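Just below is one structure, and these are the notes that go with it.
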Amino acid sequence: MTEPGESVTSYIDTPEGSLDIAYEARAGAMFGKFVLSGKNMIMTANINANQLLLRLAEVCRSEHMELVRMTDWSALSEVQASEEALFDEAYSRVEAILSSAEDQQGTVQL
């Protein structure tokens, strides 16, 4: 257990891989609450239609979350390159939520 004000960083690798769709939004809200409490999180996640990233972006907004396209770090496979528009669409959805002017931080329930 951490004390208030204590510096903590959590590293999480693809949490959506072990979550049922019913739990994704709740996990995103929980991670958001962790970040908003002043803690740090570095997370890798597959960019897809999952609710985890969308809810995390909804809670954190661009003030507390940065989305980094790891697909820019290396060459895409032939399949990935042929479907790159899907990546662009998924990133755009998350970025739109991050930059949304409407503040919904108080509406997320765990």
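Counting from 23, one number per residue, gives the positions in the sequence shown under our numbering. Glycine included, each C-beta is placed from N, C-alpha and C at the ideal position. On a predicted model such as this, the values are computed, not experimentally measured, just so you know.
Tell me where the alpha helix (DSSP H) around M92 begins and ends. Run containing M92: none; DSSP gives neither H nor E here.
Bridge partners for I34 per DSSP, in chain order? M65
Work out the CA separation of A97 and F53 for me, nearest whole Å. 30 Å
Minimum C-alpha distance to E28 - residue among M92, L75, K61: K61
Rounded Cβ spacing between E25 and A67 (contact assumed at less than 8 Å): The pair is not a contact, with the Cβ atoms about 28 Å apart (cut-off 8 Å).
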